[in-house]
Amino acid sequence: MGFLGLGIALLLIGLLLIALVTQLTARTLKLTALAVVFMAAATALLIFAIAGRYGLAAPAGALALWGMRAYLLARQIRASGAQAPAQQGGKPMGRAEALDILGLQEGASAEEIEAAYKALIVKNHPDQGGTDWLAARLNEARDILLDD
64 MGFLGLGIAL LLIGLLLIAL VTQLTARTLK LTALAVVFMA AATALLIFAI AGRYGLAAPA
124 GALALWGMRA YLLARQIRAS GAQAPAQQGG KPMGRAEALD ILGLQEGASA EEIEAAYKAL
184 IVKNHPDQGG TDWLAARLNE ARDILLDD
């Protein structure tokens, strides 16, 4: 693939990233900035390819590819860390904290624990817009209270 093809590929990646982050929030602001960087790199590569100045396009293309690789690695590391918040070295959740998370009082029955858990997990499940961290905390709270 020549530099023209690489530039077009980066341009398409940038457009895809922009399409993915149409709702700009604090979480997607970084992705938007990354998309802008890819768009700038792709535009520069296309200009270099069209102008015939390949000497500058090769380092720019390599830098863009390594940047994308670093971003994907960082995202993978962040995602694997978000799946197991209790295993990140923090102190384990106690019974009082578990009761507080589920909004229950001491002496709650197993049925009350399950009902409170179901009401909260329906609203905070990752598939419904909640976070993995919050769902994991709810699961951990339920498990602690039911194991006692």
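The opening position of the sequence shown corresponds to residue 64 in our numbering, with each subsequent residue numbered one higher. All residues carry an ideal CB built from backbone N, CA and C; glycine is no exception.
Note on residue 179: 16 or more other CB atoms within 10 angstroms of its CB, so buried under the neighbour-count rule.
Ranking 188, 193, 69 and 177 by CA distance to the CA of residue 205 puts 177 first. DSSP, reduced to helix, strand and coil, places residue 210 within a helical segment of the structure shown. For residue 138 and residue 175, the gap between their C-alpha atoms comes out near 38 Å. Closest in alpha carbon position to residue 71, among 104, 199 and 201, is 104. For the pair residue 129 and residue 96, the Cα-to-Cα distance works out to about 17 Å. Residue 157 and residue 106 have their C-alpha atoms some 54 Å from each other. Within the same chain, 179 come within 7 Å of residue 166 by CB-CB distance, once the 5 residues on both sides are set aside.
Straight through space, the alpha carbons of residue 134 and residue 93 are spaced by roughly 11 Å. Within the model, the alpha-carbon separation for residue 74 versus residue 173 is close to 55 Å. In the three-state DSSP reduction, residue 106 falls in the helix class (H, G or I). In summary, residue 141 is exposed, with fewer than 16 beta-carbon neighbours lying within 10 Å of its beta-carbon over all protein chains present. Taking 7 Å as the cut-off, the Cβ atoms of residue 209 and residue 183 do not count as close.
In this structure, DSSP gives residue 181 a helical state, which the three-state scheme calls helix.
Assigned with DSSP and collapsed to three states, residue 156 falls in coil, not helix or strand.
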